[in-house]
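Working notes for the structure below.
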Amino acid sequence: MNTDAKLWILIPAAGIGQRMQADRPKQYLPLLGRTVLEQTLARLHTTFVEAPILLALHPQDTYWPQLAPQYADLTASGQLQAVIGGKARCDSVMCLLQALQGRAAAQDWVLVHDVARPCVRQQDLMGLYAFINDPQQGAFTSGALLGAPVRDTMKRTHTQDAKVMTTVAREQLWHAYTPQVFRYQPLYTSMQAAFAAGMQVTDEASAMEAAGHPVYLYAGAHDNLKITQAEDLALAAYILRAQQESE
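Okay, so the sequence shown: first residue is 338 according to the numbering used here, each after it adds one.
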């Protein structure tokens with residue numbers, strides 16, 4: 338495994354969670370005795386202990402200061418840094434990439450993970466990282482993302498209503514998850530180009546694809562839930578408990 342390139346972890350967490358209809362952003366909702374953000378941070382830091390973590394926060398975030406003291410040692414050592422994020426997820430990712438200017442080498446790995454995915458399995462994190470560093474995968478050096486093949490029958494509908502237009506073959510369809518891991522400079526340049534072109538950047542892979550970089554999928558567990566709706570919180574708790582019991 339190539340260990341020359343350093344790994345950086347970027348977590349966009351500046352959203353306000355409108356769809357949750359809660360009294361606070363979803364990353365600060367309670368989940369098994371911790372907040373969602375704490376669960377996600379713990380999963381990533383436990384897996385990649387030496388990797389610095391950069392966290393993008395809303396400029397008016399009043400909840401992080403309540404959690405920050407417990408991360409004082411990590412902050413003091415430079416292992417954890419909070420930066421001001423942007424309006425959309427892609428804006429926050431760009432803020433995080435800009436914060437690495439002058440710090441990250443061009444070929445360093447940048448791992449971007451949604452704060453609302455606290456259930457990502459440690460074995461999938463390690464598997465993805467091993468995959469991109471596998472010498473036998475030398476044909477590609479730009480990176481990959483975690484995903485899972487689609488299991489359900491897929492339908493395409495009209496944009497105005499739910500009338501089915503056609504059934505889409507699922508054999509080559511995947512759910513795109515995070516983390517997504519790419520080389521720093523290609524990702525930064527691809528994101529800049531996507532922004533300049535007015536492209537809607539829904540994830541880092543889409544920017545890399547648009548720039549012509551090869552992007553690969555690494556199959557992970559289907560329980561890598563993204564907390565979006567209110568009912569997802571209970572499901573995330575169930576998944577985390579099940580994972581703990583199976584360890």
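Positions of the beta carbon are idealized from the N, C-alpha and C atoms, including for glycine.
For V484, name the three-state secondary structure that DSSP assigns.
As a first step, residue 484 is located in the sequence shown; it is residue number 147 there, counting from the start. Per the sequence presented here, residue 484 reads as Gly, with Val not at that position. Residue state, collapsed to three classes: strand.
Taking the C-alpha atoms as reference points, what is the distance between H450 and D498?
Taking the first residue of the sequence shown as position 1, residue 450 is located at position 113. Taking the first residue of the sequence shown as position 1, residue 498 is located at position 161. Roughly 32 angstroms between the two C-alpha positions.
Are L368 and A573 touching if we call contact CB-CB under 9 angstroms?
Position 31 of the sequence shown, counting from 1, holds the residue named residue 368. Position 236 of the sequence shown, counting from 1, holds the residue named residue 573. Cβ atoms of L368 and A573: closer than 9 angstroms.
Output yes or no for whether 9 angstroms exceeds the beta carbon distance between L394 and G422.
Looking up residue 394 in the sequence shown gives position 57. Looking up residue 422 in the sequence shown gives position 85. Yes, Cβ-Cβ distance for L394 and G422 is below 9 angstroms.
Please state if the CB of A441 and the CB of Y514 are separated by a distance shorter than 9 angstroms.
Working through the sequence shown from its first residue, we reach residue 514 at position 177. Working through the sequence shown from its first residue, we reach residue 441 at position 104. Against a cut-off of 9 angstroms, the Cβ pair of A441 and Y514 comes out as no contact.
Would you call the segment 399-407 in contact with the segment 431-447, where contact means no fewer than 3 C-beta pairs closer than 8 angstroms?
Put simply, the segment 399-407 does not touch the segment 431-447. Fewer than three CB pairs are less than 8 angstroms apart.
C-alpha distance - N470 paired with L448, whole-angstrom precision
In the sequence shown, counting from the first residue as 1, residue 470 sits at position 133. In the sequence shown, counting from the first residue as 1, residue 448 sits at position 111. Using only the alpha carbons, I get a separation of about 13 angstroms.
For the candidate residues A506, T504, Q517 and T503, whose alpha-carbon lies nearest to that of Y466?
Within the sequence shown, numbered from 1, the residue matching residue 466 stands at position 129. Looking at the Cα atoms, Q517 is the closest of the given residues.
Which ranges does the beta strand (DSSP E) cover as unbroken runs of at least 3 residues, wholly within the segment 338-420, from first to last along the chain?
344-350 and 390-394
Assuming the contact rule is C-beta atoms closer than 8 angstroms, F385 and L411 should be a hit. Round their C-beta distance to whole Å, please.
Here the question's residue 385 lines up with position 48 in the sequence shown. Here the question's residue 411 lines up with position 74 in the sequence shown. With 8 angstroms as the limit, F385 and L411 do not qualify as a contact, their Cβ atoms being about 13 angstroms apart.
Using the DSSP secondary-structure output, state which residues sit across from A556 in a beta bridge.
Residue numbering aside, residue 556 sits at position 219 when the sequence shown is read from its first letter. According to DSSP, which records beta bridges pairwise, A556 is partnered with G484.
Do three or more CB pairs link the segment 554-561 to the segment 453-462 at distances below 8 angstroms?
yes
Using 8 angstroms for Cβ pairs, my map puts H512 next to V487. What's the rounded Cβ distance?
Residue numbering aside, residue 512 sits at position 175 when the sequence shown is read from its first letter. Residue numbering aside, residue 487 sits at position 150 when the sequence shown is read from its first letter. Going by Cβ atoms, the distance from H512 to V487 rounds to 6 angstroms, so yes, they are a contact pair.
Can the beta-carbon of L524 be found less than 9 angstroms from the beta-carbon of M545?
Your numbering for residue 524 matches position 187 in the sequence shown. Your numbering for residue 545 matches position 208 in the sequence shown. Between L524 and M545, the CB-CB gap stays under 9 angstroms.
Is the CB-CB distance between A481 and Y555 below 9 angstroms?
Sequence index remark: in the sequence shown, residue 481 carries index 144 (1-based). Sequence index remark: in the sequence shown, residue 555 carries index 218 (1-based). Taking the C-beta atoms as reference points, Y555 is found nearer than 9 angstroms to A481.
Mapping DSSP to helix, strand and coil, what is T526?
To locate residue 526, count along the sequence shown from 1; it is residue 189. Three-state result, T526: helix.
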